[in-house]
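Chemist: Sharing a structure, written as structure tokens. Questions coming.
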Amino acid sequence: MKTIFATLASILIVAAALAINVHADQKPMHQLRIYTLNADNQAQFHERFRDHAHRIMKKYDFHIVSIWESRHDGKVEFVYLLQWKDEQTMKACWERFMADEEWKEIKLKTSARYGSFVESIEEKTLTLVDYSPNTNLILK
Numbered sequence: 000m001k002t003i004f005a006t007l008a009s010i011l012i013v014a015a016a017l018a019i020n021v022h023a024d025q026k027p028m029h030q031l032r033i034y035t036l037n038a039d040n041q042a043q044f045h046e047r048f049r050d051h052a053h054r055i056m057k058k059y060d061f062h063i064v065s066i067w068e069s070r071h072d073g074k075v076e077f078v079y080l081l082q083w084k085d086e087q088t089m090k091a092c093w094e095r096f097m098a099d100e101e102w103k104e105i106k107l108k109t110s111a112r113y114g115s116f117v118e119s120i121e122e123k124t125l126t127l128v129d130y131s132p133n134t135n136l137i138l139k
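So that you can map any letter, position 3 of the sequence shown is 2 in the numbering used here, and since no number is skipped, the others follow by simple counting.
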């Protein structure tokens with residue numbers, strides 16, 4: 000009986016070690032999101048994202064690497080980069096965020112008060128190449 004237990008314990012330890020190595024080798028993926036803002040509501044958009052969207056996103060394990068603002072072709076763009084474990088995680092987190100009752104209520108109230116915040120959204124999924132100098136962009 001002790002031999003069976005010892006063998007089983009050894010198998011579990013090896014399996015756990017392999018799982019850790021496989022997970023450690025897994026490169027994260029990134030998502031670039033670019034929102035073309037309605038110029039009339041630029042300040043309100045930033046307020047809503049800073050005070051509400053960002054907070055609610057954290058609740059659903061969004062990992063925002065950084066946020067920028069860009070001016071392109073006479074338009075203001077709000078740009079941010081997210082880091083995800085994998086595509087499945089990204090999709091699941093977005094689904095939960097978009098279904099969040101508080102977020103839906105905030106969007107409804109702010110849109111009713113100010114009108115449209117975003118003219119368009121561009122989204123790109125970014126996969127690291129094997130020679131990328133940095134695989135994890137989140138500072139710890």
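A virtual CB, placed ideally from N, CA and C, is assigned to each residue, including glycine.
With burial defined as no fewer than 16 other Cβ atoms inside 10 Å of the residue's Cβ, what is the status of L81: buried or exposed?
Modeler: As a working note, residue 81 is residue 82 in the sequence shown. With 16 or more other Cβ atoms within 10 Å, it is buried.
Chemist: Y79 to M56, Cα distance in whole Å?
Modeler: Translated into the one-based positions of the sequence shown, residue 79 becomes position 80. Translated into the one-based positions of the sequence shown, residue 56 becomes position 57. Roughly 13 Å between the two C-alpha positions.
Chemist: If you count every other CB in all the chains shown that lies within 10 Å of the CB of Y34, and 16 or more means buried, which is it?
Modeler: Locating residue 34 in the sequence shown gives position 35, where the first residue counts as 1. Label assigned to Y34: buried.
Chemist: Please report the straight-line C-alpha distance between A98 and D72, rounded to a whole angstrom.
Modeler: As a working note, residue 98 is residue 99 in the sequence shown. As a working note, residue 72 is residue 73 in the sequence shown. Cα to Cα, the separation comes out at about 33 Å.
Chemist: How long is the line joining the alpha carbons of S69 and L136, rounded to whole angstroms?
Modeler: As a working note, residue 69 is residue 70 in the sequence shown. As a working note, residue 136 is residue 137 in the sequence shown. Taking the straight line from one Cα to the other gives about 21 Å.
Chemist: Select from H45, F44, D39 and D50 the residue whose C-alpha is nearest the C-alpha of E101.
Modeler: As a first step, residue 101 must be located in the sequence shown, where it is residue number 102. Closest by alpha carbon: D50.
Chemist: Less than 8 Å between the CB atoms is what I'm expecting for K84 and P27, so what's the real figure, rounded?
Modeler: Locating residue 84 in the sequence shown gives position 85, where the first residue counts as 1. Locating residue 27 in the sequence shown gives position 28, where the first residue counts as 1. K84 to P27, Cβ: 6 Å. Contact.
Chemist: Starting from I137, follow its DSSP beta bridges and name the residues at the other end.
Modeler: Position 138 of the sequence shown holds residue 137. For I137, which the question treats as bridged, DSSP gives no partner whatsoever.
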